[in-house]
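*Asks:* The structure follows.
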Amino acid sequence: MAGHTTKPYKNTLSGSVGAGMGSLFTPGGKKYYILEHKVSSKYHRAGESQEIIVDNIELGRDSHCQVRFDESFKTVSRHHAAIVKDGDMWKLVQISKTNSTFLNGHPVKTEWYLQNGDEIQLSVNGPKLGFILPTGKKSTVGSIGLTRRLSLFRQQALRPYKTAITTLACLLVLISIGGGYVIYQQGKQLNDNTLALADAKEVNAKNERLITEQRKLLENQGGLLDSLKKIKPKVIVKYVENGNTLGQTGSVDMSVCHPYVYHITATVFYNGEEVSSWLGTGFQLEEGKFVTARHVCSTFYSNSFYIDNGVVYPREGVNPIDVYKELMINVLAQQGNIQIKFKCVSPNDTYLFTNNQINEVGKYDQIHTLKEPYRVYKIINGKVAKDANGNPVVLAQVPAGTNIRIGAGGAVDFAYVQNNLKKGLKSNKRISTELKQGTQLYVLGYPHGWGKGKPIFSTAICSQNGLSEELGGTIMVSNNNTEGGNSGGPIFIKTQSGWEVVAIVSGSNAAKGRFVPISVIP
4 MAGHTTKPYK
14 NTLSGSVGAG
24 MGSLFTPGGK
34 KYYILEHKVS
44 SKYHRAGESQ
54 EIIVDNIELG
64 RDSHCQVRFD
74 ESFKTVSRHH
84 AAIVKDGDMW
94 KLVQISKTNS
104 TFLNGHPVKT
114 EWYLQNGDEI
124 QLSVNGPKLG
134 FILPTGKKST
144 VGSIGLTRRL
154 SLFRQQALRP
164 YKTAITTLAC
174 LLVLISIGGG
184 YVIYQQGKQL
194 NDNTLALADA
204 KEVNAKNERL
214 ITEQRKLLEN
224 QGGLLDSLKK
234 IKPKVIVKYV
244 ENGNTLGQTG
254 SVDMSVCHPY
264 VYHITATVFY
274 NGEEVSSWLG
284 TGFQLEEGKF
294 VTARHVCSTF
304 YSNSFYIDNG
314 VVYPREGVNP
324 IDVYKELMIN
334 VLAQQGNIQI
344 KFKCVSPNDT
354 YLFTNNQINE
364 VGKYDQIHTL
374 KEPYRVYKII
384 NGKVAKDANG
394 NPVVLAQVPA
404 GTNIRIGAGG
414 AVDFAYVQNN
424 LKKGLKSNKR
434 ISTELKQGTQ
444 LYVLGYPHGW
454 GKGKPIFSTA
464 ICSQNGLSEE
474 LGGTIMVSNN
484 NTEGGNSGGP
494 IFIKTQSGWE
504 VVAIVSGSNA
514 AKGRFVPISV
524 IP
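First residue of the sequence shown? That's 4 in the working numbering, and the numbers climb one at a time after it.
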């Protein structure tokens with residue numbers, strides 16, 4: 004990492020909006036990077052990955068910053084630092100005059116060039132972010148879907164320039180009106196000229212001759228087309244008869260595995276009444292165990308909220324009443340007052356079990372004691388309703404002092420039921436901890452509940468040799484095949500013995516898939 008002195012930083016319209024427009028409409032081979040948030044805030048949760056597709060961004064507490072932190076981060080300046088593109092590289096620029104910025108623990112006086120894996124920290128004891136450069140097929144902006152690029156363009160390119168964009172839009176409207184008037188006048192003059200020429204007998208005669216010549220040319224072309232139709236495409240016919248079609252030469256047949264891969268529906272009951280449900284994937288091993296991810300069969304994992312320093316924060320877009328519901332289920336589960344029923348369906352079979360039959364590792368879970376009550380307020384016309392005394396109307400609350408249990412991730416995200424069934428998938432525990440970088444892996448599961456009756460196929464590639472310490476002793480892969488519903492599914496390799504299970508789908512970190520090695524199953 005080397006520092007450089009260049010021209011002073013200035014956030015420009017071309018670096019933000021201009022680069023954003025390029026990323027949106029002509030992404031081509033344009034590179035982008037990811038900022039991984041390592042601390043939870045009002046605007047971002049710990050572990051969240053933020054894709055950056057523009058050339059200039061700012062980090063700070065100001066509402067115009069593309070990477071924004073809330074007011075609880077007192078040592079983060081309004082405009083604290085910036086990341087700008089310089090040639091084919093990005094550099095971290097110090098903006099704040101009062102609070103420092105650190106790169107890998109070293110203070111940045113003016114600017115430093117960034118490298119993959121660097122850690123950025125805003126002020127002493129301030130929030131940290133990881134700087135990640137995607138590799139392979141996902142390294143370019145073009146690998147991001149258009150809908151996602153539109154969302155990122157709005158968040159990153161337009162945020163600092165709302166006023167400028169509005170002015171520009173008005174200017175474009177005026178230019179369009181003025182240009183339209185000029186075009187109208189030119190069109191009117193052209194029309195007059197055309198009518199004058201059309202009245203000339205000499206022009207009419209020439210047009211008739213041209214029409215006759217064009218008709219003869221078309222007739223000749225029609226005869227040529229008929230001749231071409233009579234030619235038999237011998238090469239194409241022979242290729243199809245050989246049993247191949249373009250795009251199928253590398254097809255993979257895993258149908259022998261399908262009967263043992265199950266679509267899971269988990270339903271939570273309290274006092275005999277259904278209170279929640281979700282989906283997942285599981286699989287049967289020939290050694291007599293039904294296996295899935297622990298977060299598929301436990302209520303101690305949540306996507307609707309996170310807890311920071313004893314305070315509950317709903318995730319973006321989540322209804323507060325849903326957060327309250329999950330918190331209460333969490334408390335009831337700790338007390339042993341809920342039942343979870345699992346219905347598992349494969350192409351050939353249906354398997355049922357309950358949470359009382361599950362073997363899991365829970366000793367690494369964290370207990371968070373709420374320092375503040377979590378309240379759900381009554382909302383009328385977008386505002387909190389008040390009672391006769393002017394106090395907010397509370398619909399429900401989880402009191403301060405309540406313990407909330409959060410399930411551990413990493414290599415303990417597994418669960419199994421001992422059922423002693425002898426037909427199932429073959430596993431390879433030894434290879435699961437020794438996979439080499441670049442190894443092709445094969446995934447079967449039911450992402451988003453799709454594929455009922457036949458599991459969905461996808462692939463992944465090992466990103467490094469062995470197990471990843473950064474991902475809690477799991478297998479890091481380059482592809483993210485961890486969509487909702489795929490969790491708990493089997494990961495295969497192809498050996499001389501056939502298809503063998505080496506891992507369980509768990510989750511993802513910073514666009515990297517995270518698989519639990521099958522060696523953890525006793």
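The C-beta atom is built at its ideal place from N, Cα and C for all residues, glycine as well.
1) Taking only runs that begin and end inside the segment 83-124, name each unbroken beta strand (DSSP E) of 3 or more residues, in chain order.
2) Just the C-alpha distance for Leu282 and Tyr116, rounded to the nearest angstrom, thanks.
3) What are the start and end residues of the beta strand (DSSP E) that includes Arg517?
4) Helix, strand or coil for Glu51, going by three-state DSSP, please let me know.
5) Let me know the secondary structure DSSP gives Asn406 once reduced to three states.
6) Just to confirm my understanding: we take Pro110, look at its own chain, exclude 5 residues before and 5 after, and list those with CB closer than 8 Å. What are they?
7) Against chain D, does Glu503 count as a neighbour if the rule is that its beta carbon must be under 8 Å from one of theirs?
8) Could you please give the first and the last residue of the uninterrupted alpha helix (DSSP H) stretch that includes Leu149?
9) Note the first and the last residue of the continuous alpha helix (DSSP H) segment covering Asp325.
10) Candidates Asp89, Asn119, Gly501 and Ser44: which alpha carbon is nearest Tyr75's?
11) Given 8 Å as the limit, is there contact between the segment 407-416 and the segment 380-398, that is, 3 or more CB pairs closer than that?
12) Classify Ser80 as helix, strand or coil using the three-state DSSP reduction.
13) Measure the CB-CB distance between Arg433 and Asn333 and report whether it falls below 8 Å.
14) Roughly how many angstroms lie between the CA atoms of His82 and Val96, to the nearest whole one?
15) Could you pull out every residue in the same chain whose Cβ sits closer than 6 Å to the Cβ of Gly488, ignoring the five residues on either side in sequence?
16) In this structure, what does DSSP give as the bridge partners for Arg378?
17) Helix, strand or coil: which one does DSSP assign to Asn59?
18) Use the C-beta contact count for Leu132: other C-beta atoms within 10 angstroms, 16 or more gives buried, fewer gives exposed.
19) What is the rounded straight-line gap between the Cα of Phe518 and the Cα of Arg297?
20) In chain order, which continuous runs of the beta strand (DSSP E) of length 3 or greater are located wholly inside the segment 260-333?
21) Does the segment 289-303 come close enough to the segment 416-431 that 3 or more CB-CB pairs lie under 8 Å?
22) Do you know how far the Cα of Ser481 is from the Cα of Lys94?
23) Taking buried to mean at least 16 other C-beta atoms within 10 Å of its own C-beta, is Asp352 buried or exposed?
24) What is the rounded straight-line gap between the Cα of Pro525 and the Cα of Asn423?
25) Can you list, in chain order, the residues of its chain whose CB lies under 7 Å from that of Gln360, leaving out five sequence neighbours each side?
26) I need the straight-line Cα distance from Glu319 to Cys260, nearest angstrom please.
27) Compute the beta-carbon to beta-carbon distance between Tyr327 and Arg48, rounded to the nearest angstrom, for a pair I have assumed lies under 8 Å.
28) Taking 8 Å as the cut-off, decide whether the C-beta atoms of Ile343 and Ala269 are in contact.
29) Could you tell me if Leu149 is buried or exposed, where buried requires 16 or more neighbouring beta carbons within 10 angstroms of its beta carbon?
30) Should Asn589 go down as buried or exposed, given a rule of 16 or more other Cβ atoms within 10 Å for buried?
31) With a threshold of 7 Å on Cβ separation, who are the neighbours of Gly404 within its own chain once the five nearest residues in sequence on each side are excluded?
32) Looking at C-alpha atoms only, which residue of Glu363, Val379 and Phe293 is the closest neighbour of Asp325?
33) Would Gly32 and Thr143 be called neighbours here (beta carbons separated by less than 8 Å)?
34) If we call anything under 8 Å between Cβ atoms a contact, is Asn107 one with Asp121?
35) Determine the DSSP secondary structure at Val1, reduced to helix, strand or coil.
36) Using three-state DSSP, classify Arg64 as helix, strand or coil.
*Replies:* Let's see:
1) 84-89, 92-97, 104-106 and 114-116
2) Along the sequence shown, read from residue 1 onward, the residue named residue 282 stands at position 279. Along the sequence shown, read from residue 1 onward, the residue named residue 116 stands at position 113. Cα to Cα, the separation comes out at about 44 Å.
3) Here the question's residue 517 lines up with position 514 in the sequence shown. Lys515 to Pro520 is the extent of the beta strand (DSSP E) around Arg517.
4) Here the question's residue 51 lines up with position 48 in the sequence shown. Glu51 falls in the coil class under three-state DSSP.
5) For the purposes of this step, residue 406 is taken as residue 403 along the sequence shown, with counting starting at 1. It is a strand residue.
6) Start at 1 with the first residue of the sequence shown, and residue 110 comes out as number 107. Correct list, in chain order: Ser103 and Thr104.
7) Going by chain labels, chain D is absent from the structure shown, which holds only one protein chain.
8) Counting from one through the sequence shown, the residue named residue 149 turns up at place 146. Its alpha helix (DSSP H) spans residues Leu149 to Phe156.
9) To locate residue 325, count along the sequence shown from 1; it is residue 322. Residues Pro323 to Gln337.
10) Taking the first residue of the sequence shown as 1, we reach residue 75 at position 72. In the sequence under discussion, the amino acid at residue 75 is Ser, which differs from the Tyr named in the question. Among Asp89, Asn119, Gly501 and Ser44, the Cα nearest to that of Ser75 belongs to Ser44.
11) The answer is no - the segment 380-398 does not touch the segment 407-416, with fewer than three Cβ pairs under 8 Å.
12) For the purposes of this step, residue 80 is identified with residue 77 of the sequence shown, where counting begins at 1. Ser80 falls in the coil class under three-state DSSP.
13) Position 430 of the sequence shown, counted from the first residue, corresponds to residue 433. Position 330 of the sequence shown, counted from the first residue, corresponds to residue 333. The Cβ-Cβ distance between Arg433 and Asn333 does not fall below 8 Å.
14) Position 79 of the sequence shown, counting from 1, holds the residue named residue 82. Position 93 of the sequence shown, counting from 1, holds the residue named residue 96. C-alpha separation (whole angstroms): 11 Å.
15) Along the sequence shown, read from residue 1 onward, the residue named residue 488 stands at position 485. Hits under 6 Å: Leu282, Tyr449, Pro450, His451 and Gly452.
16) Start at 1 with the first residue of the sequence shown, and residue 378 comes out as number 375. Partner(s): Gln400.
17) Position 56 of the sequence shown, counted from the first residue, corresponds to residue 59. Here Asn59 sits in strand by DSSP.
18) On the sequence shown, position 129 is the one that residue 132 refers to. A buried status is given to Leu132, since no fewer than 16 other beta-carbon atoms sit within 10 Å of its beta-carbon.
19) For the purposes of this step, residue 518 is taken as the residue at position 515 of the sequence shown. For the purposes of this step, residue 297 is taken as the residue at position 294 of the sequence shown. In a straight line, the C-alpha of Phe518 is about 12 Å away from that of Arg297.
20) 264-273, 276-288, 292-295, 308-311 and 314-317
21) Verdict: yes, contact present.
22) Here residue 94 refers to the residue found at position 91 when the sequence shown is read from its first residue. Here residue 481 refers to the residue found at position 478 when the sequence shown is read from its first residue. Approximately 25 Å, taken between the alpha carbons.
23) Counting from 1 along the sequence shown, the entry for residue 352 is found at position 349. Asp352 sits exposed, since fewer than 16 C-beta atoms from the chains shown fall within 10 Å of its C-beta.
24) The residue you call residue 525 lines up with position 522 of the sequence shown. The residue you call residue 423 lines up with position 420 of the sequence shown. The alpha-carbon separation between Pro525 and Asn423 amounts to approximately 14 Å.
25) On the sequence shown, position 357 is the one that residue 360 refers to. Taken in chain order, the residues that qualify are Val420.
26) In the sequence shown, counting from the first residue as 1, residue 319 sits at position 316. In the sequence shown, counting from the first residue as 1, residue 260 sits at position 257. Going from the Cα of Glu319 to the Cα of Cys260 covers about 38 Å.
27) Counted from its first residue, the sequence shown places residue 327 at position 324. Counted from its first residue, the sequence shown places residue 48 at position 45. Between Arg48 and Tyr327 the Cβ distance is about 19 Å, and since that is not below 8 Å, they are no contact.
28) By 1-based counting over the sequence shown, the position of residue 343 is 340. By 1-based counting over the sequence shown, the position of residue 269 is 266. Yes, the Cβ-Cβ distance between Ile343 and Ala269 is below 8 Å.
29) Translated into the one-based positions of the sequence shown, residue 149 becomes position 146. Exposed: under 16 other Cβ atoms inside 10 Å.
30) There is simply no residue 589 to check, as the chain begins at 4 and stops at 525 in what is shown.
31) Counting from one through the sequence shown, the residue named residue 404 turns up at place 401. So the qualifying residues of the chain are Thr372 and Leu373.
32) If you number the sequence shown from 1, residue 325 lands on position 322. The shortest C-alpha separation from Asp325 is found at Val379.
33) Here the question's residue 32 lines up with position 29 in the sequence shown. Here the question's residue 143 lines up with position 140 in the sequence shown. For Gly32 and Thr143, yes; Cβs fall inside 8 Å.
34) Stepping through the sequence shown from its first residue, residue 107 is reached at position 104. Stepping through the sequence shown from its first residue, residue 121 is reached at position 118. It is a contact, given that the beta carbons lie within the stated cut-off.
35) A question about residue 1 goes unanswered here, because the residues of the chain that appear run from 4 up to 525.
36) Counted from its first residue, the sequence shown places residue 64 at position 61. Residue state, collapsed to three classes: coil.
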